[in-house]
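What follows is a short report on a single structure.
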Amino acid sequence: MMQQASPAVSSDPLLDVDNLVVEYPVGNKIVHAVSGVSLQIARGETLGLVGESGCGKSTLGRAVLQLRRPVSGRVLFDGQDLTAMQGDTLRLMRQRVQLIFQDPIASLNPRRRIGDIIAEPLIISGVKDAAKRQRLVDEALSAVGLDPALVVGRLPHEFSGGQCQRICIARALVLNPEFIVCDEPVSALDVSIRAQILNLLEEMKARYGLTLLFIAHDLAVVKAVSDRVAVMYLGRLCEVGPSEQLFAKPAHPYTALLIEAIPVPDPDVRPAETVPVGEPPSPISPPSGCRFRTRCPRADQRCSDEVPELRAVASGQFVACHHPLI
Amino acid sequence: MTEGTLLSVEDVIVDLPTPRGNLRAVDRVDLTVGAGRTLGVVGESGCGKTMLSRAILQLLPKKAKLSGRVMFDGQDLLQLSPERLRKLRGRSLAVVFQDPMTSLNPVLTIGTQLIETLQEHLELDMRAATKRSVELLAAVGIPAPEQRLMQYPHQLSGGMRQRVAIAIALSCEPKLLIADEPTTALDVTIQAQILDLLAREQRRRHMAMIIITHDLGVVAGRTDEVAVMYAGRVVERAPTPALFKKMRMPYTEALLAALPKIDAAPHTPLPAISGRPPDPTRPLKGCSFAPRCRYAWAQCQVEKPRLEEADSPGHQFACFRPIGISAGAGA
Numbered sequence: 042m043m044q045q046a047s048p049a050v051s052s053d054p055l056l057d058v059d060n061l062v063v064e065y066p067v068g069n070k071i072v073h074a075v076s077g078v079s080l081q082i083a084r085g086e087t088l089g090l091v092g093e094s095g096c097g098k099s100t101l102g103r104a105v106l107q108l109r110r111p112v113s114g115r116v117l118f119d120g121q122d123l124t125a126m127q128g129d130t131l132r133l134m135r136q137r138v139q140l141i142f143q144d145p146i147a148s149l150n151p152r153r154r155i156g157d158i159i160a161e162p163l164i165i166s167g168v169k170d171a172a173k174r175q176r177l178v179d180e181a182l183s184a185v186g187l188d189p190a191l192v193v194g195r196l197p198h199e200f201s202g203g204q205c206q207r208i209c210i211a212r213a214l215v216l217n218p219e220f221i222v223c224d225e226p227v228s229a230l231d232v233s234i235r236a237q238i239l240n241l242l243e244e245m246k247a248r249y250g251l252t253l254l255f256i257a258h259d260l261a262v263v264k265a266v267s268d269r270v271a272v273m274y275l276g277r278l279c280e281v282g283p284s285e286q287l288f289a290k291p292a293h294p295y296t297a298l299l300i301e302a303i304p305v306p307d308p309d310v311r312p313a314e315t316v317p318v319g320e321p322p323s324p325i326s327p328p329s330g331c332r333f334r335t336r337c338p339r340a341d342q343r344c345s346d347e348v349p350e351l352r353a354v355a356s357g358q359f360v361a362c363h364h365p366l367i
Numbered sequence: 002m003t004e005g006t007l008l009s010v011e012d013v014i015v016d017l018p019t020p021r022g023n024l025r026a027v028d029r030v031d032l033t034v035g036a037g038r039t040l041g042v043v044g045e046s047g048c049g050k051t052m053l054s055r056a057i058l059q060l061l062p063k064k065a066k067l068s069g070r071v072m073f074d075g076q077d078l079l080q081l082s083p084e085r086l087r088k089l090r091g092r093s094l095a096v097v098f099q100d101p102m103t104s105l106n107p108v109l110t111i112g113t114q115l116i117e118t119l120q121e122h123l124e125l126d127m128r129a130a131t132k133r134s135v136e137l138l139a140a141v142g143i144p145a146p147e148q149r150l151m152q153y154p155h156q157l158s159g160g161m162r163q164r165v166a167i168a169i170a171l172s173c174e175p176k177l178l179i180a181d182e183p184t185t186a187l188d189v190t191i192q193a194q195i196l197d198l199l200a201r202e203q204r205r206r207h208m209a210m211i212i213i214t215h216d217l218g219v220v221a222g223r224t225d226e227v228a229v230m231y232a233g234r235v236v237e238r239a240p241t242p243a244l245f246k247k248m249r250m251p252y253t254e255a256l257l258a259a260l261p262k263i264d265a266a267p268h269t270p271l272p273a274i275s276g277r278p279p280d281p282t283r284p285l286k287g288c289s290f291a292p293r294c295r296y297a298w299a300q301c302q303v304e305k306p307r308l309e310e311a312d313s314p315g316h317q318f319a320c321f322r323p324i325g326i327s328a329g330a331g332a
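Keeping their order, the protein sequence lines are chains V and A. Its first residue numbered 42, the first sequence is counted upward by one per residue in my numbering. Its first residue numbered 2, the second sequence is counted upward by one per residue in my numbering.
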């Protein structure tokens, strides 16, 4: 019953990821990057996805957009299964979904002018009228706070990292998408610039009614923009819940560990001497049962025998743990 | 130099020639670090914090011009011969860089790199150096240290590699350790472990440390003093508690405010700093932060504020319109 009560799991999600599995072959071994992840994102919602490097969060983001084809599972976007789509059908659908990457400079072609870079998605999607294209490019650039007249004729190297990320956002917006995967969009930026870009994303979301999957490793950044947060560890979801609730009362020991590890900019808050919990195991041979058990202070025999399923612990809050904190 | 001062940086300027003209990376910086103390140097990319650490280590790019004085343990580093410098670096002056993959030699085993350092500086024989290496790896929290000696850097995770780099830095019991963004490349749970490790080893060895970082959160609970840099200059410097309690320089305040807070409600707009840092090849006449500062007035555009003593001991700032002090007062 609790599940129905949650606004998070809406009856009409824009994105519905069901038991998604993504694996990479490495030599004769297999990297279990995403192992059976299910999540939903409601229309107009921002879902934050956090986890440490190698936990599969970027792979999940790419698999949602079919940039990496999953081994199994379904991705329903607006009721249609993206995993079953091919060729032109998928290409048409992709106009409605976009991606923003971590490194804004590397994701712009250094030899093309900004105006052409932003017009490219329009050309691909068949906007033949050059005047219309230019109008849309100008609109997108103005929306992200850049002056089209000063920008369109220039090359990416003439811009700073923060400006390049604005350009990437303009490129993502130009097709008027409904859903954007933001993969660590501010990690490469300085603090003073990061705040500008986070505010810009929030503004764009409100203005264009966007739905976002916001992937990041920084919990404070994720909390600043997300309605709900999903915590991922070694290919599986540990916990999903409304942002405030999850940070106030984490149910999974891994979520608690992540929150505790954030350095607080206040000298009166002495950093807690961390329990030496070691490092994440390799996704090539993940631990049996709960994948976090090798670093978990609460782990027992059951945790190595049995994979914990996501279950509700509070309104809208789900945890995959045999011994949750709440 | 006052008693107990281990390092003093006096009026240091670093100029880098570029095709676009001279770039003043470090602009008249004065700093001191006492024996056993920790100084945090905070700033964003391009503020000169890394160039400052390289100036201290005398590891600047060949074309760089350095002036001023760097006194370390009673010696003027700028006057030392390359041979003497090499003896000093690694021995009493050690460094940990941001990226452990590039600071470790990829084609040598961990053991070779550790043992080489120990043999070079402490003149230990092979057996003693090997024994010492195992102890050091264990001290920095590396499991199965004997086996690790035979491994290459690529066989270790990022966190483990940084532990090895720290073990090498600590191997000769340095008096000063410079940690340049030691945890930026690492995940948050590993970051906390590495910072704890550095703090523990520092206490144990009574070693002084400079932590260079862009993250005010990293310095808050872990330093005695903080220097904030902007556009090549130190713009505020204070004992850590004083800095966070009574920051005077608008840039410091803005930097802290721009950080997303873990206890803030979602979708709270962040007080961002508008614009971006000035082009370091086109120095401004006035305060470098003035174009982005919401308190700036006419004087700030035409005159460079000097770093001056504030109302509390050890607190200095370079600002004509400091926070919490009414206009005109104190100037």
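Glycine is no exception: its CB is placed at the ideal position from the N, C-alpha and C atoms.
Inset, instruction - Check whether the Cβ of arginine 311 of chain V lies closer than 9 Å to any Cβ atom in chain A. - result: Here residue 311 of chain V is taken as the residue at index 270 of the first sequence, counted from 1. Chain A contact via Cβ: present.
Legend entry - Contact set between valine 189 of chain A and chain V, taken where Cβ atoms lie within less than 8 Å: In the second sequence, residue 189 of chain A corresponds to position 188, counting from 1. Residues of chain V passing the Cβ test: Glu93, His258, Asp259, Leu260, Leu299, Ala302, Ile303.
Inset, instruction - Within the same chain, show all residues whose beta-carbon is closer than 6 Å to that of proline 34 of chain V, passing over the 5 residues directly before and after it, in chain order. - result: Given that chain V is displayed from residue 42 to residue 367, the structure contains no residue 34 of chain V and the question cannot be resolved.
Inset, instruction - On a CA-only basis, which of A:Cys320, A:His316, A:Leu89, A:Glu309 is nearest glutamine 302 of chain A? Give me that one, please. - result: Looking up residue 302 of chain A in the second sequence gives position 301. Comparing Cα positions, the closest option is A:Cys320.
Legend entry - Cβ pair count under 8 Å reaching 3, the segment 19-29 of chain A against the segment 274-288 of chain A: Short answer: they touch.
Inset, instruction - Output the distance between the C-alpha atoms of glutamine 139 of chain V and glycine 202 of chain V, rounded to the nearest integer angstrom. - result: Counting from 1 along the first sequence, the entry for residue 139 of chain V is found at position 98. Counting from 1 along the first sequence, the entry for residue 202 of chain V is found at position 161. Straight-line spacing of the CA atoms in glutamine 139 of chain V and glycine 202 of chain V works out to 20 Å.
Inset, instruction - Let me know the alpha helix (DSSP H) ranges lying completely inside the segment 198-258 of chain V, each 4 residues or longer, listed in chain order. - result: Entirely contained in the segment 198-258 of chain V, the alpha helix (DSSP H) runs reaching 4 residues are, in chain order, 202-214, 232-249.
Legend entry - Sequence-distant residues of its chain with Cβ nearer than 7 Å to isoleucine 274 of chain A (five each side left out): The residue labelled residue 274 of chain A in the question sits at position 273 within the second sequence. Hits under 7 Å: Ala255, Ala259, Arg293.
Inset, instruction - Tell me, please, which residues DSSP counts as bridged to aspartate 57 of chain V. - result: Position 16 of the first sequence, counted from the first residue, corresponds to residue 57 of chain V. Paired residue(s): V:Gln81, V:Leu117.
Legend entry - Own chain partners of valine 15 of chain A with C-beta closer than 6 Å, once the 5 adjacent residues on each side are dropped: In the second sequence, counting from the first residue as 1, residue 15 of chain A sits at position 14. Closer than 6 Å at Cβ, skipping near neighbours: Ala26, Val27, Met52, Ala56, Ala65, Leu67.
Inset, instruction - Would you tell me roughly how many angstroms separate the C-alpha atoms of valine 354 of chain V and valine 360 of chain V, rounded to the nearest one? - result: Along the first sequence, one-based indexing puts residue 354 of chain V at 313. Along the first sequence, one-based indexing puts residue 360 of chain V at 319. Each residue's alpha carbon lies about 7 Å from the other.
Inset, instruction - Select from A:Ser46, A:Thr6, A:Val10 the residue whose C-alpha is nearest the C-alpha of aspartate 216 of chain A. - result: Locating residue 216 of chain A in the second sequence gives position 215, counting from the first residue. Each of A:Ser46, A:Thr6, A:Val10 was checked against the Cα of aspartate 216 of chain A, and the nearest Cα belongs to A:Ser46.
Inset, instruction - Determine the extent of the alpha helix (DSSP H) in which tyrosine 153 of chain A is found, giving its start and end residues. - result: For this step, residue 153 of chain A is matched to residue 152 along the second sequence. Per DSSP, tyrosine 153 of chain A belongs to no alpha helix (DSSP H) and is neither H nor E.
Legend entry - Residue-chain proximity (valine 34 of chain A, chain V), Cβ-Cβ < 9 Å: Counted from its first residue, the second sequence places residue 34 of chain A at position 33. It does not: the Cβ of valine 34 of chain A has no partner Cβ on chain V nearer than 9 Å.
Legend entry - Three-state secondary structure assigned by DSSP to arginine 109 of chain V: To locate residue 109 of chain V, count along the first sequence from 1; it is residue 68. Residue state, collapsed to three classes: coil.
Inset, instruction - Check whether the Cβ of glycine 5 of chain A sits closer than 8 Å to any heavy atom of the ligand MN, and report yes or no. - result: The ligand content of the structure shown is nil, which means the ligand MN is not present either.
Legend entry - Of the listed residues V:Pro338, V:Leu241, V:Arg332, V:Leu253, nearest to proline 270 of chain A (C-alpha basis): Position 269 of the second sequence, counted from the first residue, corresponds to residue 270 of chain A. Taking only the C-alpha atoms, the option nearest proline 270 of chain A is V:Leu241.
Inset, instruction - Use the C-beta contact count for methionine 161 of chain A: other C-beta atoms within 10 angstroms, 16 or more gives buried, fewer gives exposed. - result: Here residue 161 of chain A corresponds to residue number 160 of the second sequence, with the count starting at 1. Residue environment: methionine 161 of chain A is assigned as buried (16 or more neighbouring CB atoms within 10 Å of its CB, all protein chains considered).
Inset, instruction - Tell me valine 91 of chain V's beta-bridge partners as DSSP assigns them. - result: Position 50 of the first sequence, counted from the first residue, corresponds to residue 91 of chain V. Its beta-bridge partners are V:Ala257, V:Val272.
Inset, instruction - Measure the alpha-carbon distance for glutamine 203 of chain A versus glycine 37 of chain A and round it to whole angstroms. - result: By 1-based counting over the second sequence, the position of residue 203 of chain A is 202. By 1-based counting over the second sequence, the position of residue 37 of chain A is 36. Near 7 Å, if we compare the C-alpha coordinates of glycine 37 of chain A and glutamine 203 of chain A.
Legend entry - Per-residue burial, glutamine 45 of chain V [other beta carbons within 10 Å of its own, 16 or more giving buried]: In the first sequence, counting from the first residue as 1, residue 45 of chain V sits at position 4. No answer about glutamine 45 of chain V holds up, because its pLDDT of 37 lies below 50 and its placement is not dependable.
Inset, instruction - Determine which residues of the segment 191-210 of chain V have a Cβ less than 7 Å from any Cβ of chain A, and write them out in chain order. - result: Identification of residues in the segment 191-210 of chain V having a C-beta nearer than 7 Å to some C-beta of chain A yields Ser201, Gly203, given in sequence order.
Legend entry - 9 Å Cβ cutoff, alanine 265 of chain V in contact with chain A: Here residue 265 of chain V is taken as the residue at index 224 of the first sequence, counted from 1. Chain A places a beta carbon closer than 9 Å to that of alanine 265 of chain V, counting this residue as a contact.
Inset, instruction - For chain V, find out if any of its Cβ atoms is closer than 9 Å to the Cβ of aspartate 211 of chain A; answer yes or no. - result: Translated into the one-based positions of the second sequence, residue 211 of chain A becomes position 210. Looking at the sequence itself, residue 211 of chain A is isoleucine, so the reference to aspartate does not match. No, isoleucine 211 of chain A lies away from the interface with chain V (no Cβ there is under 9 Å from its Cβ).
Inset, instruction - Identify the contact partners of valine 168 of chain V in chain A, using a Cβ-Cβ distance below 7 Å as the criterion. - result: Stepping through the first sequence from its first residue, residue 168 of chain V is reached at position 127. Per Cβ cutoff of 7 Å: no residues; valine 168 of chain V is ~33 Å from chain A at best.
Inset, instruction - Report the three-state DSSP secondary structure of alanine 172 of chain V (helix, strand or coil). - result: Here residue 172 of chain V refers to the residue found at position 131 of the first sequence. It is helical.
Inset, instruction - For chain A, find out if any of its Cβ atoms is closer than 9 Å to the Cβ of phenylalanine 288 of chain V; answer yes or no. - result: Counting from one through the first sequence, the residue named residue 288 of chain V turns up at place 247. Contact with chain A is found for phenylalanine 288 of chain V, since one of that chain's Cβ atoms lies less than 9 Å from the residue's Cβ.
Inset, instruction - Please list the partners that alanine 266 of chain A has in chain V, where partner means a Cβ-to-Cβ separation under 7 Å. - result: Sequence index remark: in the second sequence, residue 266 of chain A carries index 265 (1-based). Alanine 266 of chain A reaches chain V at Glu285, counting residues in chain order whose Cβ is nearer than 7 Å.
Legend entry - DSSP bridge partner residues for glycine 159 of chain A (one or two, in chain order): Start at 1 with the first residue of the second sequence, and residue 159 of chain A comes out as number 158. In the DSSP secondary-structure assignment, glycine 159 of chain A is not bridged to any residue.
Legend entry - Close-in-space but distant-in-sequence residues of the same chain around alanine 311 of chain A (CB under 7 Å, 5 per side omitted): Numbered from 1 along the second sequence, position 310 holds the residue referred to as residue 311 of chain A. Within the same chain, alanine 311 of chain A has close Cβ partners Arg249, Gln317, Phe318.
Inset, instruction - Buried or exposed for proline 338 of chain V, please, with buried defined as at least 16 other CB atoms from any protein chain shown within 10 angstroms of its CB. - result: Residue numbering aside, residue 338 of chain V sits at position 297 when the first sequence is read from its first letter. Residue environment analysis places proline 338 of chain V among the exposed positions, since fewer than 16 neighbouring C-beta atoms fall within 10 angstroms of its C-beta.
Inset, instruction - List the residues of chain A that isoleucine 221 of chain V touches, going by C-beta distances under 8 Å, in chain order. - result: On the first sequence, position 180 is the one that residue 221 of chain V refers to. Within 8 Å Cβ-Cβ: nothing; isoleucine 221 of chain V doesn't reach chain A, min ~16 Å.
Inset, instruction - Label glutamine 342 of chain V either buried or exposed according to how many other C-beta atoms from any shown protein chain fall within 10 Å of its C-beta, with 16 as the threshold for buried. - result: Here residue 342 of chain V refers to the residue found at position 301 of the first sequence. The residue is exposed, with fewer than 16 neighbouring Cβ atoms inside 10 Å.
Legend entry - Proximal residues, the segment 215-237 of chain A versus chain V, C-beta separation under 7 Å: So the close ones are His215, Asp216, Leu217, Gly218, Val219, Ala221, Gly222, Arg223.
Inset, instruction - Give the straight-line distance between the Cα atoms of arginine 277 of chain A and tyrosine 231 of chain A, rounded to the nearest whole angstrom. - result: The sequence position of residue 277 of chain A within the second sequence is 276, counting from 1. The sequence position of residue 231 of chain A within the second sequence is 230, counting from 1. Answer to the nearest angstrom: the Cα atoms are 11 Å apart.
Legend entry - Beta-carbon proximity of alanine 299 of chain A to cysteine 288 of chain A, cut-off 9 Å: If you number the second sequence from 1, residue 299 of chain A lands on position 298. If you number the second sequence from 1, residue 288 of chain A lands on position 287. Between alanine 299 of chain A and cysteine 288 of chain A, the C-beta spacing is not below 9 Å.
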